[in-house]
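Quick note: the sequence shown uses our numbering, first residue 4, plus one each step.
For each residue, glycine too, the CB sits at the ideal point set by N, CA and C.
Input: a single structure, listed below in structure tokens.
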Amino acid sequence: MQNRHSFSVAGFSLICVLSAAACNTQSEATVVRGSFSEVAMPPLTTDRASTGGVSFADIDSDGDPDIIVTNGYNVQLEEPAPQENKFYENRGGTFVAMALPGLSEIEGFGSGSAWADYDNDGDLDGFLANQRDQRNYFVKQRGGEEVSFVSMETQPLTTDGGWSYSVAAADADNDGFLDVYVSNGGLSHTGVNYLYRNENGERFVKIEDQVPAMQDQPTGGASWADYDNDGDQDLFVANRSPNNPELNRLALYRNDGDFNFTRVDADAFAEDPTLPMSVALGDVDNDGDLDVYVGNLSGLANKLYLNRGDGAFEASDAGAATREPGFTYAVSFGDLDNDGDLDIVSANWGASSHIYLNDGSGNFSRLAPEAYSASLHHSASVAIADTDLDGDLDILIGNWPNRPGAGLEENVLIENNFASGDWLKVSLEGTASNRSGVGARLELRYQQDGAEKLQIREVATHSGWRSQSDLVQHFGLGKGAEAVELTVRWPSGTVQTMPVAEWNSTLAIVEG
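See below:
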């Protein structure tokens with residue numbers, strides 16, 4: 004990538020635009036130095052159309068992640084106006100704006116989107132959530148040499164209106180087809196969330212008699228993940244209710260099979276004062292189960308909950324990642340320095356976004372802001388992918404002006420020059436499972452420095468709030484890894500284990 008910008012830390016004190024509480028963001032931070040570069044790449048990084056959400060997905064099936072930007076209403080105007088969605092094709096790490104028939108001409112008040120192979124025909128389709136009482140959209144690829152989409156007028160998937168902010172897809176019943184959960188309300192509006200069952204890739208049926216689809220309160224992001232390691236996808240929902248603090252907490256719905264869900268009253272979630280907007284799942288302590296990181300609003304610090312392995316969670320003091328008050332809209336996990344543990348990116352509103360590096364013991368230090376971007380933004384989405392295929396994870400942050408006339412926000416693409424360790428990437432193709440491998444659990448075991456190491460990943464269509472990171476899974480290995488072995492646990496129940504003879508490469512695995 005070209006056109007790198009460097010930053011000084013001088014403007015960082017301006018983070019105090021939020022509130023008195025948020026002005027203490029630097030007080031408890033352990034700041035580390037590193038090297039990331041903000042990349043100027045017009046029109047991706049110069050478009051000021053109020054980004055609703057950002058997603059990485061290989062739309063053209065050529066082996067690298069493309070970008071979809073769902074544009075929200077234009078707050079530069081006194082009366083909000085709908086925007087067109089944008090597609091940026093990845094050409095060797097450079098993103099080029101392209102018009103895609105069936106997608107680019109859709110105008111709306113766009114928010115989150117979820118891209119995967121919903122009909123198992125070998126290419127990616129998309130669900131697009133819209134705000135301001137608009138209908139949502141489901142678009143399927145037509146197939147053929149040229150990429151194009153057709154909008155599916157599937158009742159009620161695309162006729163249900165509301166303030167839909169975020170969407171997450173997973174195979175909730177393990178039948179081989181991806182189902183959809185839509186989060187409504189977002190900031191202040193109420194409305195039940197939507198749960199849809201995918202029937203053989205041909206139509207979606209609305210499920211209304213299960214608790215995840217009954218809650219009537221503003222909802223931020225939702226994430227599917229197998230927290231109890233029983234082979235099915237459970238659901239985490241970030242709820243916020245300004246008028247009822249007791250409802251300001253993360254909700255967990257355990258999947259009991261066949262679209263039956265039970266609300267789990269996790270003590271750790273109930274006891275912590277939160278105002279959650281986004282949630283990310285990842286194994287931060289490398290003990291074989293998924294932990295939870297929650298992005299909070301209104302000057303509250305973000306929260307990390309460690310999975311105890313017995314169905315319960317406990318709050319963890321994770322250093323700067325859980326001590327700094329702020330206004331976080333979106334969070335995402337990824338091993339940014341390729342050292343074998345998961346780091347955190349938080350997209351913040353009215354501040355610079357933060358990168359927190361994991362030291363391997365579950366303690367996180369904030370990367371010095373001049374190492375990536377000291378700019379202040381109103382950031383509402385963040386996605387991670389290896390955009391230039393060099394083995395490390397790059398970052399895309401979607402920004403949204405906060406009021407009419409504040410039309411100075413631009414998306415931020417950050418190139419990773421920091422990682423130095425070895426790495427492995429894994430792409431999956433399901434056969435009995437859904438074609439995209441969503442919900443598959445990857446377990447990487449290896450020897451390093453005389454110790455046995457374990458890392459896990461789970462394929463997901465969502466990262467934080469109204470964002471999607473690449474479906475290709477990335478592992479950092481540090482240096483000196485030996486006897487590397489990969490196990491894939493597919494949603495169908497199929498388990499494949501294989502030695503990994505080479506790393507610093509991408510391993511393509513077909514189920515079976």
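Minimum C-alpha distance to residue i - residue among the options
i, options, result
"Ala100", "Ser439, Ile71 and Gly115", "Ile71"
"Arg311", "Asn289, Tyr91, Asn305 and Ala304", "Asn289"
"Gly481", "Lys306, Ile62 and Asp362", "Asp362"
"Asp268", "Ala315, Asn232 and Ser167", "Ala315"
"Ser349", "Pro279, Glu413, Glu317 and Asn341", "Pro279"
"Val57", "Gln471, Val208 and Gly179", "Gln471"
"Ser169", "Thr73, Thr161, Val185 and Ser154", "Val185"
"Val295", "Ala225, Gly75, Asp342 and Pro328", "Ala225"
"Ser107", "Asn232, Asp50 and Thr73", "Thr73"
"Glu87", "Arg243, Tyr140, Glu149 and Gly353", "Tyr140"
"Ser439", "Ser430, Leu445 and Thr500", "Ser430"
"Tyr308", "Asp425, Ala273, Ala84 and Met155", "Ala273"
"Ser364", "Ser335, Gly337, Tyr256 and Ala321", "Ala321"
"Val503", "Asp69, Ser466 and Leu445", "Leu445"
"Lys456", "Gly483, Phe90, Ala463 and Phe262", "Gly483"
Helix, strand or coil at residue i [DSSP, three-state]
i, result
"Thr49", "coil"
"Ile512", "strand"
"Glu505", "coil"
"Leu345", "coil"
"Arg448", "strand"
"Val475", "coil"
"Ala271", "helix"
"Val214", "helix"
"Leu278", "coil"
"Leu250", "helix"
"Val441", "coil"
"Glu488", "strand"
"Val150", "coil"
"Ser64", "coil"
"Phe90", "strand"
"Gln220", "coil"
"Arg206", "strand"
"Ile400", "strand"
"Trp227", "strand"
"Arg243", "coil"
"Phe98", "strand"
"Asp69", "strand"
"Trp426", "strand"
"Gly55", "strand"
Exposed unless 16 or more other CB atoms sit within 10 angstroms - verdict on residue i
i, result
"Arg94", "exposed"
"Ala486", "exposed"
"Gln476", "buried"
"Ser30", "With a pLDDT of 36 at Ser30, under the threshold of 50, the modelled position of this residue cannot be trusted; read the value that follows with caution. Its Cβ having fewer than 16 others within 10 Å, Ser30 is exposed."
"Glu82", "exposed"
"Ala102", "exposed"
"Pro45", "exposed"
"Asp182", "buried"
"Glu505", "exposed"
"Gly515", "exposed"
"Leu198", "buried"
"Asn507", "exposed"
"Thr390", "buried"
"Gly433", "buried"
"Gly75", "buried"
"Ser436", "buried"
"Asp270", "exposed"
"Gly401", "buried"
"Asn203", "exposed"
"Arg206", "exposed"
Proximity below 9 Å, CB of residue i to CB of residue j
i, j, result
"Ser384", "Arg469", "yes"
"Ile459", "Asp286", "yes"
"Gly298", "Ser281", "yes"
"Gly115", "Val142", "no"
"Thr490", "Val498", "yes"
"Tyr359", "Ala324", "yes"
"Asn177", "Asp120", "no"
"Val195", "Arg266", "no"
"Asn77", "Ser40", "no"
"Gln144", "Ile62", "yes"
"His357", "Leu370", "yes"
"Ala60", "Gly113", "no"
"Asp397", "Leu416", "yes"
"Thr277", "Leu293", "no"
"Asp342", "Gly453", "no"
"Ala422", "Asp313", "no"
"Gly125", "Gly146", "yes"
Start-end ranges of the alpha helix (DSSP H) lying completely within the region 303-387, minimum 4 residues: 323-326
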